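Undergrad: In the working numbering, the protein residues as written are 7 to 381. Below you'll find the structure I mean.
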């Protein structure tokens, strides 16, 4: 069977330079449309059963975050359900993957993909719960639906909790996190979930960037806009995703916001954002301490030692979601980061940081949300 490489599918991204020798397959990652960002890859290799393959991504050194390739291992799957880490090394600007499969076809990716088809399944499954209202806020530049899930009955004194994910489409771990979060929030036997829904309405956007997700982008939408730099002044012709969500936030108000992401370089789960906003209050700082402490207690995968440098007072980037929301509404608004690599505190040599661990981590956030509810 001749060797074949393809990426013309949902979230696919690779350019084949030379596949004449399975021991020296040469590839490149395509840039996001109208952008210089690139790092996400997802492709299928066929015709390689029991054949040792060496795949070289030749332009890895020019990617958005080259430090992210250090100590990184790509994921591979022959069934598109179970993704395992495979031997990977980064030298002289080239990312090299070495792998032998017993299957005719194998898929490789930067992280376990979360396709728009899986997103559609998640939306369809979630809307079947009587406590959920599914609404399309509008359309993206490619004409895809901006899905909003509203969970819980509005009522006097109820708070509004917003959870959004995947502003950066290549950070697919964010929507795996959403799966686990929604599954527990909608579990009728879970007392913490029921206590939350008794006192709060949840507004959940599982995928903030459908176009970038389908196109196989790392960081931007169809127009090349980095959505997490658009919150100060979004426009319908450039960043409709942010424009639509921000407008609804202003209608409902926001008492809590969590923006879920992935980080290329740091092998840890951590929180960021809000501390550099001009109007930062003692209440907001206290709420962050409460939330962080509760998450430490509820999830063994969370830590506070490693993360981003904290912005000085008044020097926060106000184009970021968590900063803009915290300043606009005076609430607790945070950015959650998860690794592309592994959790260095609890390494898993087979799977690394994985969809199952993302889902468990998402479920583990309910206690932290309950701790700040009404505080």
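Each residue gets a CB set at the ideal place from its N, CA and C atoms; glycine is no exception. These numbers were taken from a predicted model, which means no experiment stands behind them.
Can you tell me where the alpha helix (DSSP H) holding residue 182 begins and where it ends?
TA: 179-191 is the span of the alpha helix (DSSP H), which, as asked, contains residue 182.
Undergrad: Just checking, does the region 86-105 make contact with the region 132-152 on the three C-beta pairs under 8 Å criterion?
TA: The answer is no - the region 132-152 does not touch the region 86-105, with fewer than three Cβ pairs under 8 Å.
Undergrad: With DSSP collapsed to three states, give me the class of residue 111.
TA: Three-state DSSP puts residue 111 in a strand.
Undergrad: To which residues does DSSP link residue 63 through a beta bridge?
TA: BP columns for residue 63 point to 33 and 101.
Undergrad: Report the option in 46, 358, 355 and 373 whose CA atom is closest to the CA atom of residue 224.
TA: The residue with the shortest Cα to Cα distance from residue 224 is 46.
Undergrad: What are the start and end residues of the alpha helix (DSSP H) that includes residue 208?
TA: Unbroken run through residue 208 is the beta strand (DSSP E), 206-211; no alpha helix (DSSP H).
Undergrad: Can you check which of these residues, 118, 97, 124 and 83, is closest to residue 108 by C-alpha distance?
TA: Out of 118, 97, 124 and 83, 83 has the C-alpha closest to the C-alpha of residue 108.
Undergrad: Can you check DSSP and say which residues form a bridge with residue 21?
TA: Answer is 34.
Undergrad: Just list the residues that DSSP pairs residue 157 with in beta bridges.
TA: Paired residues: 138 and 208.
Undergrad: Since residue 18 and residue 44 should fall inside the 8 Å C-beta cutoff, what is the C-beta to C-beta distance between them, to a whole number of angstroms?
TA: Residue 18 to residue 44, Cβ: 13 Å. No contact.
Undergrad: Does the Cβ of residue 294 have 16 or more other Cβ atoms within 10 Å, making it buried, or fewer, making it exposed?
TA: It counts as buried.
Undergrad: Go ahead and label residue 290 buried or exposed: buried means 16 or more other beta carbons lie within 10 angstroms of its beta carbon, across all protein chains shown.
TA: Counting Cβ neighbours within 10 Å, residue 290 comes out buried, since at least 16 surround it.
Undergrad: Return the CA-CA distance between residue 21 and residue 98, expressed in angstroms with no decimal places.
TA: Whole-angstrom Cα-Cα distance: 20 Å.
Undergrad: Starting from the Cα of residue 136, find the closest Cα among 374, 194 and 106 and give me that residue.
TA: Checking every option, the nearest Cα to that of residue 136 belongs to 194.
Undergrad: Considering Cα atoms alone, identify which of 110, 167, 8 and 373 is closest to residue 339.
TA: It is 167 whose Cα lies nearest to the Cα of residue 339.
Undergrad: Need the endpoints of the alpha helix (DSSP H) that residue 344 sits in, please.
TA: It is not in any alpha helix (DSSP H) - residue 344 instead sits in the beta strand (DSSP E) that spans 338-345.
Undergrad: Mind checking whether residue 329 and residue 322 have CB atoms under 8 Å apart?
TA: Closer than 8 Å, so yes.
Undergrad: Considering Cα atoms alone, identify which of 150, 214 and 266 is closest to residue 367.
TA: Checking every option, the nearest Cα to that of residue 367 belongs to 266.
Undergrad: Count the other CB atoms within 10 Å of the CB of residue 353; is the residue buried (16 or more) or exposed (fewer)?
TA: Exposed: under 16 other Cβ atoms inside 10 Å.
Undergrad: Can you tell me whether DSSP reads residue 125 as helix, strand or coil?
TA: Helix, per DSSP.
Undergrad: List the DSSP bridge partners of residue 265.
TA: Note: residue 265 sits in a beta bridge opposite 170 and 341.
Undergrad: Could you please give the first and the last residue of the uninterrupted beta strand (DSSP E) stretch that includes residue 276?
TA: Taken as a continuous stretch (DSSP letters only), the beta strand (DSSP E) holding residue 276 covers 276-278.
Undergrad: Which residues in the same chain have their Cβ closer than 6 Å to the Cβ of residue 118, if we skip the five residues on either side of it in sequence?
TA: Once the five neighbours on either side are set aside, the close Cβ partners of residue 118 are 81, 89 and 361.
Undergrad: Residue 218 and residue 285 - do their beta-carbons sit closer together than 8 Å?
TA: In this structure, residue 218 does not lie closer than 8 Å to residue 285 by Cβ.
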